[in-house]
Amino acid sequence: MVNFIAVPSSSTAICFVKTFVVEQKWVIRLATAVISLYFIYNKITKPPASLRHLPQAGFFTVLSAIKNLKPIDQIAHEISFPAVANSNHGLYVRFDNAGWAVHVMDPVAVKDILMSNDLFPKSITSLQTRRGTLAGRLITGPNILFLSGDHWKKQRKIINPSFHRVLPPKIFGRLSQKMLDTIETEMQIKKDDGKSIDICDITQRWALDVLGEFAFGFKFHALENNGDDNEWVTRYNTIVKAAGNPLYFIFPSIERQFKSWIPGRRKAHEELAKFFGMIHAMADERRQVILNSANTIVDDKQKKHDGEKDVLTLMIEAEHKGQDRLTDEEFESNLSIFFLAGHDTTASAVAFAIYHLAVHPDTQRKAREEVIRIFGDDHSDILPTLEQTRELSYINMNLRINPPAIHMIPRRATQDTELAGVLIPKDTRLSIDVYDLHHNPKVWKNPDLFDPERFAPGGEVDQLSGSGLPWTPFSNGLRSCIGMNFSLMGQRVLLSMLRKPFLFCSRLPR
Numbered sequence: 001m002v003n004f005i006a007v008p009s010s011s012t013a014i015c016f017v018k019t020f021v022v023e024q025k026w027v028i029r030l031a032t033a034v035i036s037l038y039f040i041y042n043k044i045t046k047p048p049a050s051l052r053h054l055p056q057a058g059f060f061t062v063l064s065a066i067k068n069l070k071p072i073d074q075i076a077h078e079i080s081f082p083a084v085a086n087s088n089h090g091l092y093v094r095f096d097n098a099g100w101a102v103h104v105m106d107p108v109a110v111k112d113i114l115m116s117n118d119l120f121p122k123s124i125t126s127l128q129t130r131r132g133t134l135a136g137r138l139i140t141g142p143n144i145l146f147l148s149g150d151h152w153k154k155q156r157k158i159i160n161p162s163f164h165r166v167l168p169p170k171i172f173g174r175l176s177q178k179m180l181d182t183i184e185t186e187m188q189i190k191k192d193d194g195k196s197i198d199i200c201d202i203t204q205r206w207a208l209d210v211l212g213e214f215a216f217g218f219k220f221h222a223l224e225n226n227g228d229d230n231e232w233v234t235r236y237n238t239i240v241k242a243a244g245n246p247l248y249f250i251f252p253s254i255e256r257q258f259k260s261w262i263p264g265r266r267k268a269h270e271e272l273a274k275f276f277g278m279i280h281a282m283a284d285e286r287r288q289v290i291l292n293s294a295n296t297i298v299d300d301k302q303k304k305h306d307g308e309k310d311v312l313t314l315m316i317e318a319e320h321k322g323q324d325r326l327t328d329e330e331f332e333s334n335l336s337i338f339f340l341a342g343h344d345t346t347a348s349a350v351a352f353a354i355y356h357l358a359v360h361p362d363t364q365r366k367a368r369e370e371v372i373r374i375f376g377d378d379h380s381d382i383l384p385t386l387e388q389t390r391e392l393s394y395i396n397m398n399l400r401i402n403p404p405a406i407h408m409i410p411r412r413a414t415q416d417t418e419l420a421g422v423l424i425p426k427d428t429r430l431s432i433d434v435y436d437l438h439h440n441p442k443v444w445k446n447p448d449l450f451d452p453e454r455f456a457p458g459g460e461v462d463q464l465s466g467s468g469l470p471w472t473p474f475s476n477g478l479r480s481c482i483g484m485n486f487s488l489m490g491q492r493v494l495l496s497m498l499r500k501p502f503l504f505c506s507r508l509p510r
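Counting in this note's numbering, the sequence shown runs from 1 upward without gaps.
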């Protein structure tokens with residue numbers, strides 16, 4: 001019997017080896033992908049070991065809330081407050097677009113953070129994470145809001161005089177009267193059509209006109225035109241709506257990598273470029289005015305000191321002086337952030353105040369009585385004085401219920417430290433949640449109740465004195481909001497002029 005042994009040809013052996021190598025590569029790639037996904041999953045669902053001693057809000061719970069556009073009060077009651085319910089402090093960890101962060105709603109811890117800028121400087125992670133995105137280009141650029149250290153000091157030195165000048169109520173009062181006239185006019189038009197007016201639209205147009213004259217020396221003419229007819233208003237609203245898209249808010253890398261392939265996103269960036277073009281045109285117009293003034297002989301008595309100049313003028317003059325001048329990117333970013341923070345937050349605060357007056361008739365009656373007590377019952381168009389505007393107490397209550405910003409820009413711990421008796425490792429990001437702080441049931445009695453008496457002498461706010469910072473709508477310390485006085489003056493003047501025979505009512509629930 002003859003035995004035969006089959007010996008593969010050389011070509012068959014080579015094919016076998018090639019197939020084996022290819023299959024082995026795919027196995028390696030698949031294993032690498034699985035391992036990578038496992039590490040990514042662990043990274044977003046489990047906080048770092050150094051933060052696991054703190055309560056945690058689940059990643060998918062937070063993701064679902066943002067994806068479904070849940071309002072901030074619902075997020076607070078479903079996520080934030082339950083997370084700290086069983087702890088003796090107001091700190092918990094949560095994953096966001098920049099990674100894990102400690103969220104803070106404890107008033108003592110908030111004060112410790114805001115009063116210690118060297119230990120807790122602003123985190124630049126937001127700048128890095130959103131660079132190149134719509135929100136990043138609009139908000140998180142190299143501006144006075146986000147920078148720290150010497151760069152922030154340089155910008156603050158240039159801009160500070162304008163925001164710390166004495167703010168005469170006259171400019172606010174004149175435009176407030178114009179807004180009230182606009183309300184009367186539009187009410188009559190809508191009444192004939194059986195429709196109601198959009199108070200949010202009107203307050204936004206008012207705030208834009210106030211900002212233009214105060215900060216830019218520029219007339220936007222927003223109140224004179226319907227919001228839909230004003231290019232500044234319509235373009236800005238389009239951009240802000242696009243910037244708030246939850247998909248790109250949670251995953252900014254998608255926008256950075258694929259914005260040119262996504263028609264809607266590409267269009268939004270084109271709109272932002274046009275908006276910046278309008279801002280630069282406004283600045284160029286102001287430059288020409290300053291140049292013409294410089295070439296004109298002016299009496300010393302007619303010259304304006306820095307404390308009398310608008311922000312845009314001070315920034316442009318810094319260009320000409322050469323010393324501590326802003327770069328083009330810093331110039332653009334600051335104008336953008338002033339446009340956003342300078343009118344959007346003030347407009348929202350006024351709209352919320354009117355809403356609360358509308359759904360709380362007793363408070364509205366008391367507010368009107370307070371205005372009449374301060375200004376008298378004369379219905380002539382008398383503008384309030386600076387001292388008179390400081391007596392309106394219900395404005396503080398509105399800022400507690402609806403703070404201008406629901407979160408502050410995150411801070412970073414520069415060394416291992418403690419907050420509220422809890423260890424905070426070095427390089428931990430900390431987010432002060434202003435809305436949660438102002439509604440913390442462990443701090444406030446009936447926290448969601450709109451009750452201006454809290455701010456009366458001897459009221460709840462006085463009783464909380466010495467317990468940190470339970471109320472901080474404009475931040476605090478060296479990095480407090482530079483536009484606080486501007487915003488408060490605008491709110492006080494406009495709301496004080498509600499002595500006009502307006503009765504606000506709303507179909508919305510409390």
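Cβ coordinates follow ideal geometry from the N, Cα and C atoms, glycine included.
Can you give me the Cβ contacts of residue i inside the same chain, cut-off strictly under 6 Å, excluding the 5 residues immediately before and after it?
i	result
residue 141	333
residue 188	none
residue 268	134, 242
residue 203	347, 350, 351
residue 460	454
residue 432	104, 110, 408
residue 83	55, 57, 92
residue 154	324
residue 521	The question about residue 521 has no answer, for the chain in this structure spans 1 to 510.
Can you give me the Cβ contacts of residue i inside the same chain, cut-off strictly under 8 Å, excluding the 5 residues immediately before and after it?
i	result
residue 149	121
residue 485	163, 164, 167
residue 299	Low per-residue confidence applies at residue 299: pLDDT is 48, beneath 50, and the placement is therefore not dependable, though the value from the model is reported in the following sentence. Excluding residues within five positions, none has a Cβ falling inside 8 Å.
residue 263	none
residue 482	144, 156, 159, 160, 163
Taking 8 Å as the cut-off, is the CB of residue i close to at least one heavy atom of the ligand NAD?
i	result
residue 507	Absence of the ligand NAD from the depicted structure is noted, as is the absence of any ligand whatsoever, leaving it without description.
Could you give the DSSP three-state label for residue i: helix, strand or coil?
i	result
residue 360	coil
residue 109	helix
residue 439	coil
residue 224	coil
residue 411	strand
residue 433	strand
residue 46	coil
residue 164	coil
residue 445	coil
residue 115	coil
residue 505	coil
residue 469	coil
residue 140	coil
residue 181	helix
residue 85	coil
residue 196	coil
residue 237	helix
Thinking residue i and residue j are a contact (beta carbons under 8 Å), I'd like their distance in whole angstroms, please.
i	j	result
residue 448	residue 439	6 Å
residue 313	residue 404	Between residue 404 and residue 313 the Cβ distance is about 25 Å, and since that is not below 8 Å, they are no contact.
residue 206	residue 220	That pair is no contact at about 10 Å.
residue 216	residue 310	6 Å
residue 250	residue 63	7 Å
residue 265	residue 259	4 Å
residue 456	residue 395	Not a contact, Cβ separation roughly 13 Å.
residue 169	residue 493	5 Å
Can you check DSSP and say which residues form a bridge with residue i?
i	result
residue 56	93
residue 424	417
residue 264	In DSSP, residue 264 forms no bridge with anything.
residue 101	94
residue 122	411
Within a Cβ cutoff of 7 Å, which residues of the same chain sit near residue i, ignoring the five residues on either side of it in sequence?
i	result
residue 399	349, 473
residue 47	56, 93, 100
residue 271	235, 238, 239
residue 222	205, 208, 209, 230, 232, 233
residue 252	97, 129, 130, 133
residue 76	435, 436, 439
residue 137	272
residue 182	202, 223
residue 305	In this predicted model, residue 305 has a pLDDT of only 49, less than 50, meaning its place in the structure is not dependable enough to derive any value.
When the cut-off is 9 Å and only beta carbons count, does residue i lie next to chain D?
i	result
residue 259	Looking at the structure shown, chain D is missing, and only one protein chain is on hand.
Do three or more CB pairs link the region 88 to 106 to the region 419 to 426 at distances below 8 Å? yes
Check whether the region 312 to 327 and the region 220 to 233 are in contact - that is, three or more C-beta pairs closer than 8 Å. With a cut-off of 8 Å, the region 220 to 233 and the region 312 to 327 do not count as touching, because too few Cβ pairs lie within range.
Below 8 Å, can you find three or more Cβ-Cβ pairs linking the region 99 to 114 to the region 470 to 489? yes
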